[in-house]
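A.B. asks: Sharing a structure here in C-alpha cells format.
Number of protein chains: 2
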Amino acid sequence: MARSGYFHGDLRRALLDAGLDAARAGGPEAVSLRELARTVGVAPSAVYRHFASHEQLIGAIARRSLAMVADAMEDELARVPAGDATAWADGAIAAVGLGYVRFAWREPGLFRLAFRAHGDLEAAHDEAARGASGRTPYEQLERAFDALEAVGELPREQRPGAEALAWSAVHGFATLTVEGPLRSLDERTREALSWRIVEMVRLGLSATAPEPGAA
Amino acid sequence: MARSGYFHGDLRRALLDAGLDAARAGGPEAVSLRELARTVGVAPSAVYRHFASHEQLIGAIARRSLAMVADAMEDELARVPAGDATAWADGAIAAVGLGYVRFAWREPGLFRLAFRAHGDLEAAHDEAARGASGRTPYEQLERAFDALEAVGELPREQRPGAEALAWSAVHGFATLTVEGPLRSLDERTREALSWRIVEMVRLGLSATAPEPGAA
DNA sequence: GGCCTAATGTGAACGCCGTTCACACGATGG
DNA sequence: CCATCGTGTGAACGGCGTTCACATTAGGCC
C-alpha cells in the first residue's frame with residue numbers, strides 16, 4: 001500500500017476524482033479513459049482492473065454526481081423554516097426543485113454527465129447515487145411530496161406519478177437552460193422562471209384532473 | 216451531373232438521409248462521419264466538401280429532426296376540432312405537448328440527437344428546423360399559447376415565459392422517459408402521465424402566482 | 001524467513017474515429 | 001479546345017477504447 005512507484009494505492013478513487021474534475025470542466029465528452037489514466041499517471045490498460053469499460057467508468061462518475069445533486073437538494077431543504085407543517089411542505093417542494101436546478105447551473109458539466117448513463121440502467125436509483133443524507137435525488141422529491149400529502153395539500157389520486165410530473169418539469173427546465181435552446185437566458189430570468197416552475201407544479205398537482213378527451 | 220461513377224450527384228442530401236437512418240436506429244452516438252461516408256459509398260474526406268466538421272453534420276441532421284418534431288406537432292394540432300375557440304385553445308396546448316412527447320417515443324434516436332447540438336447555437340430556432348408547416352417546434356408552442364391568451368385563459372402577467380415553462384415540463388418528461396430514469400415506464404402509464412403533464416401546465420399557468428418567499 | 005498466489009500495473013498492438021492535404025477527375029464556360 | 005473550379009480520392013496523423021501477454025508487488029502459508 002505504501003507508494004512503491006508501481007502500485008498506485010487507490011487507483012479507483014483517484015480515477016473517479018480525476019473524472020469528476022474533468023467532467024466539471026468539460027462535461028461528459030471531456031471524460032476520456034486515456035486522459036484520466038494520464039492525469040493519474042498510469043497506463044490506460046490499468047483502468048480495466050477497476051472498471052469493465054469506459055461506459056462503466058462514466059456510470060460510476062454519474063452516480064457520484066447524482067449523490068451531489070441529492071446533497072444540493074438536502075442543503076436547500078435544510079434552510080426551510082421548520083415551524084408550520086403546511087408551510088414546511090410548501091417550502092420543501094420548492095426547495096428540492098430549486099436545489100436541483102441550481103445544482104445544474106452551478107455544475108453544468110456534472111449535471112450533463114449525470115443523465116448520460118445509458119449503459120447500466122437506473123443509475124439514479126443506485127446505492128452509489130446517495131448523498132450524505134443517504135437519499136437519492138428521487139427520494140428527496142418523494143420526501144417533499146410525503147410532507148405535502150400528510151398536510152392534505154395533495155389529492156390522493158394525484159399522488160401516484162406526482163413525483164414523475166414534478167421531476168419532469170424541473171428536469172426539463174434544468175436541461176433546456178443548461179444544454180438546450182434556453183441556455184442563453186440570463187441569471188435573473190432563469191431564477192424567476194424556476195420559481196414559477198415549482199409554483200406551476202404545486203398548483204397543477206393540487207387539483208383533480210379530468211379524463212383525457214379525444215385522440 | 217449524370218452518374219459518372221466519380222461524382223455523386225447530391226452527396227449532401229444523401230449524407231443527411233443516411234444520417235437520419237443511422238440516428239433513427241442507434242441515436243446520436245451511431246452517427247459517425249466515416250460510417251455515413253461508407254453507406255453512401257464515398258471517401259470520408261469527401262464529406263468535408265459539404266460539412267465543415269462532424270459536429271456540423273450532426274447539427275444539420277438535428278435541424279431535420281427538429282423539423283420532424285414540428286410536423287408531428289402540426290399533425291396533432293390538425294385533429295383538434297375547430298368549433299369553439301376556447302375549446303380549440305385548450306385542445307391546442309394539449310396537442311402540441313402530446314405531439315412532442317409522442318414524437319420522442321416514436322423516434323427516440325432522432326429526438327435524442329435533436330437536442331445534442333451544442334456547437335452551432337440555437338439549432339432549434341434555425342430556418343432548417345422548420346417543418347412542412349413552416350414553423351419550428353417552439354413556434355408551434357407559441358401558437359397554442361396565442362390561442363389560449365386570445366380566449367382569456369392565460370393571465371397577461373403569465374404570458375412571458377409561459378412557453379418556457381410548458382416546454383420545460385413536456386421536454387423533461389420526454390427526456391426522462393426516453394433516455395432517463397423513467398425510461399422503463401410501460402406505454403399505458405406513459406400515456407396517462409403525458410395527459411397529466413399538459414393538464415398541470417394548463418392549470419399551473421391559468422392562475423396568478425405569488426412572489427418568491429425566502430432565499 | 002522464503003515461497004506461491006492473486007491482485008495490480010505495463011507495453012504494444014488492433015481497429016475505430018475525426019481531420020488534413022496533396023492530388024485526380026470532370027463539368028462548365030470562355 | 002482549353003482553363004478553371006467544384007467535387008471526390010488516398011494516404012497519413014493523432015486520439016480513442018479495448019485486448020492480451022507479461023512484469024511487479026502484497027500478503028498469506030508453510
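Taken in order, these protein sequences are the chains called D and C. The numbering used here puts the first sequence at residues 1 to 215. The numbering used here puts the second sequence at residues 216 to 430. Note that the Cβ used here is the ideal one computed from N, Cα and C, for glycine as well.
#1: If we call anything under 9 Å between Cβ atoms a contact, is D126 (chain D) one with L66 (chain D)?
#2: So, do the region 38-46 of chain D and the region 84-102 of chain D have three or more beta carbon pairs nearer to each other than 8 Å?
#3: Taking only beta-carbon positions, decide if I58 (chain D) is within less than 9 Å of chain C.
#4: Any beta-carbon of chain C closer than 9 Å to the one on H171 (chain D)?
#5: Taking 9 Å as the CB-CB cut-off, is A297 (chain C) touching chain D?
#6: Can you find a C-beta in chain D that's less than 9 Å from the C-beta of R417 (chain C)?
#7: Is the beta carbon of P375 (chain C) sitting closer than 9 Å to the one on Y138 (chain D)?
#8: Report yes if the C-beta distance between A309 (chain C) and L165 (chain D) is below 9 Å; otherwise report no.
#9: So, helix, strand or coil for A162 (chain D), using DSSP?
#10: Would the region 229-246 of chain C count as touching the region 189-202 of chain D if we require 3 or more Cβ pairs under 8 Å?
#11: Anything in chain D within Cβ reach of H340 (chain C), meaning under 8 Å, just list it in chain order.
#12: Helix or strand or just coil, what does DSSP make of R183 (chain D)?
#13: The alpha helix (DSSP H) spanning E76 (chain D) covers which residue range?
#14: For a contact meaning CB atoms closer than 7 Å, what does L205 (chain D) contact in chain C?
#15: With distances taken Cα to Cα, identify the nearest neighbour of A78 (chain D) among D:A62, D:M68 and D:V96.
#16: Can you tell me which of C:A302, C:G234 and C:E289 puts its alpha carbon nearest to the alpha carbon of G324 (chain C)?
#17: Which of the three DSSP states, helix, strand or coil, is assigned to M216 (chain C)?
#18: So, L113 (chain D) versus A52 (chain D), is the Cβ gap smaller than 9 Å?
#19: What does a CB cutoff of less than 6 Å around R350 (chain C) pick up in its chain, not counting 5 residues either side in sequence?
#20: Below 8 Å on the Cβ atoms is my contact criterion, and I expect G419 (chain C) with G204 (chain D) to pass it. Report the Cβ-Cβ distance as a whole number of Å.
#21: Skipping 5 residues on each side, what residues in its chain have a beta carbon closer than 8 Å to that of E250 (chain C)?
#22: Taking 9 Å as the threshold (beta carbon to beta carbon), is G161 (chain D) in contact with chain C?
#23: Report the CB separation of W167 (chain D) from L141 (chain D) in whole angstroms; it is logged as a contact under 8 Å.
#24: Could you tell me if E322 (chain C) is buried or exposed, where buried requires 16 or more neighbouring beta carbons within 10 angstroms of its beta carbon?
#25: What separation, rounded to the nearest whole angstrom, lies between the Cα atoms of E187 (chain D) and L98 (chain D)?
#26: With a threshold of 9 Å between beta carbons, is A430 (chain C) in contact with chain D?
#27: Listing by chain order, which chain D residues have their CB less than 7 Å from the CB of I412 (chain C)?
#28: Could you give the residue range of the alpha helix (DSSP H) that holds P352 (chain C)?
#29: Helix, strand or coil: how does DSSP classify P81 (chain D) here?
#30: Should T390 (chain C) and F173 (chain D) be called a contact, given that it needs their Cβ atoms to be closer than 9 Å?
#31: What residues in its chain sit with their C-beta under 8 Å from that of E74 (chain D), if we drop five residues either side in the sequence?
#32: Expressed to the nearest angstrom, what Euclidean distance is found between the alpha-carbon atoms of T39 (chain D) and V246 (chain C)?
#33: For the candidate residues D:Y6, D:E76, D:T189 and D:A144, whose alpha-carbon lies nearest to that of A89 (chain D)?
#34: State the DSSP-derived secondary structure class of S194 (chain D), mapped to helix, strand or coil.
#35: Taking F115 (chain D) as the query, report the chain C residues whose CB atoms sit under 7 Å from its CB, ordered along the chain.
#36: Between the Cα of G274 (chain C) and those of C:G224, C:A377, C:L230 and C:S421, spot the shortest distance and give me the residue it belongs to.
C.D. replies: To lay it out plainly:
#1: Along the first sequence, one-based indexing puts residue 126 (chain D) at 126. Along the first sequence, one-based indexing puts residue 66 (chain D) at 66. Yes. Within cutoff.
#2: no
#3: Here residue 58 (chain D) refers to the residue found at position 58 when the first sequence is read from its first residue. False, the Cβ-Cβ gap to chain C never drops below 9 Å.
#4: As a first step, residue 171 (chain D) is located in the first sequence; it is residue number 171 there, counting from the start. Yes, contact with chain C.
#5: Position 82 of the second sequence, counted from the start, is the residue given in the question as residue 297 (chain C). No, no contact with chain D.
#6: Residue 417 (chain C) sits at position 202 when you count from the first residue of the second sequence. So yes, R417 (chain C) belongs to the interface.
#7: In the second sequence, the residue the question calls residue 375 (chain C) occupies position 160. In the first sequence, the residue the question calls residue 138 (chain D) occupies position 138. No.
#8: The count along the second sequence starts at 1 and reaches residue 309 (chain C) at position 94. The count along the first sequence starts at 1 and reaches residue 165 (chain D) at position 165. Cβ atoms of A309 (chain C) and L165 (chain D): not closer than 9 Å.
#9: Within the first sequence, residue 162 (chain D) is the residue found at index 162, counting from 1. Three-state DSSP puts A162 (chain D) in a helix.
#10: no
#11: Your numbering for residue 340 (chain C) matches position 125 in the second sequence. Chain D residues near H340 (chain C): P181.
#12: By one-based count along the first sequence, residue 183 (chain D) stands at place 183. It is coil, neither helix nor strand.
#13: Here residue 76 (chain D) refers to the residue found at position 76 when the first sequence is read from its first residue. Note, E76 (chain D): alpha helix (DSSP H), H54 to A78.
#14: By 1-based counting over the first sequence, the position of residue 205 (chain D) is 205. Per Cβ cutoff of 7 Å: M415.
#15: For this step, residue 78 (chain D) is matched to residue 78 along the first sequence. Checked all of D:A62, D:M68 and D:V96; the closest Cα to A78 (chain D) is D:V96.
#16: Locating residue 324 (chain C) in the second sequence gives position 109, counting from the first residue. Closest option to G324 (chain C), Cα to Cα, is C:G234.
#17: By one-based count along the second sequence, residue 216 (chain C) stands at place 1. Interpretation of M216 (chain C) is limited by its pLDDT of 43, a score under 50 that renders its predicted location unreliable; the figure taken from the coordinates is listed afterwards. It is coil, neither helix nor strand.
#18: By one-based count along the first sequence, residue 113 (chain D) stands at place 113. By one-based count along the first sequence, residue 52 (chain D) stands at place 52. No.
#19: Counting from one through the second sequence, the residue named residue 350 (chain C) turns up at place 135. Correct list, in chain order: A285.
#20: Here residue 419 (chain C) corresponds to residue number 204 of the second sequence, with the count starting at 1. Here residue 204 (chain D) corresponds to residue number 204 of the first sequence, with the count starting at 1. Contact flag correct, Cβ pair sits at about 4 Å.
#21: Residue numbering aside, residue 250 (chain C) sits at position 35 when the second sequence is read from its first letter. Taken in chain order, the residues that qualify are A237.
#22: Here the question's residue 161 (chain D) lines up with position 161 in the first sequence. Taking Cβ atoms only, chain C reaches closer than 9 Å to G161 (chain D), which makes this a yes.
#23: Numbered from its first residue, the first sequence carries residue 167 (chain D) at position 167. Numbered from its first residue, the first sequence carries residue 141 (chain D) at position 141. With 8 Å as the limit, W167 (chain D) and L141 (chain D) qualify as a contact, their Cβ atoms being about 6 Å apart.
#24: Position 107 of the second sequence holds residue 322 (chain C). Under this definition E322 (chain C) is a buried residue.
#25: Residue numbering aside, residue 187 (chain D) sits at position 187 when the first sequence is read from its first letter. Residue numbering aside, residue 98 (chain D) sits at position 98 when the first sequence is read from its first letter. Answer to the nearest angstrom: the Cα atoms are 13 Å apart.
#26: Indexing the second sequence from 1 puts residue 430 (chain C) at position 215. Note that A430 (chain C) scores a pLDDT of 41, beneath 50, so its modelled location is shaky and nothing firm can be said.
#27: For the purposes of this step, residue 412 (chain C) is taken as the residue at position 197 of the second sequence. The answer, in chain order, is L165 and S168.
#28: Position 137 of the second sequence, counted from the first residue, corresponds to residue 352 (chain C). Start and end: P352 to A365.
#29: In the first sequence, residue 81 (chain D) corresponds to position 81, counting from 1. Reduced to three states, the DSSP call for P81 (chain D) is coil.
#30: Start at 1 with the first residue of the second sequence, and residue 390 (chain C) comes out as number 175. Start at 1 with the first residue of the first sequence, and residue 173 (chain D) comes out as number 173. Cβ distance not < 9 Å, so T390 (chain C) and F173 (chain D) don't count as in contact.
#31: One-based indexing of the first sequence puts residue 74 (chain D) at position 74. G99, G131, A132, S133, R135 and Q140.
#32: The sequence position of residue 39 (chain D) within the first sequence is 39, counting from 1. The sequence position of residue 246 (chain C) within the second sequence is 31, counting from 1. Whole-angstrom Cα-Cα distance: 29 Å.
#33: One-based indexing of the first sequence puts residue 89 (chain D) at position 89. For the residues D:Y6, D:E76, D:T189 and D:A144, the minimum Cα distance to A89 (chain D) belongs to D:A144.
#34: On the first sequence, residue 194 (chain D) is found 194 positions in, with the first residue counted as 1. Helix, per DSSP.
#35: In the first sequence, counting from the first residue as 1, residue 115 (chain D) sits at position 115. The answer, in chain order, is G395.
#36: For the purposes of this step, residue 274 (chain C) is taken as residue 59 along the second sequence, with counting starting at 1. Of C:G224, C:A377, C:L230 and C:S421, the residue nearest in Cα terms is C:L230.
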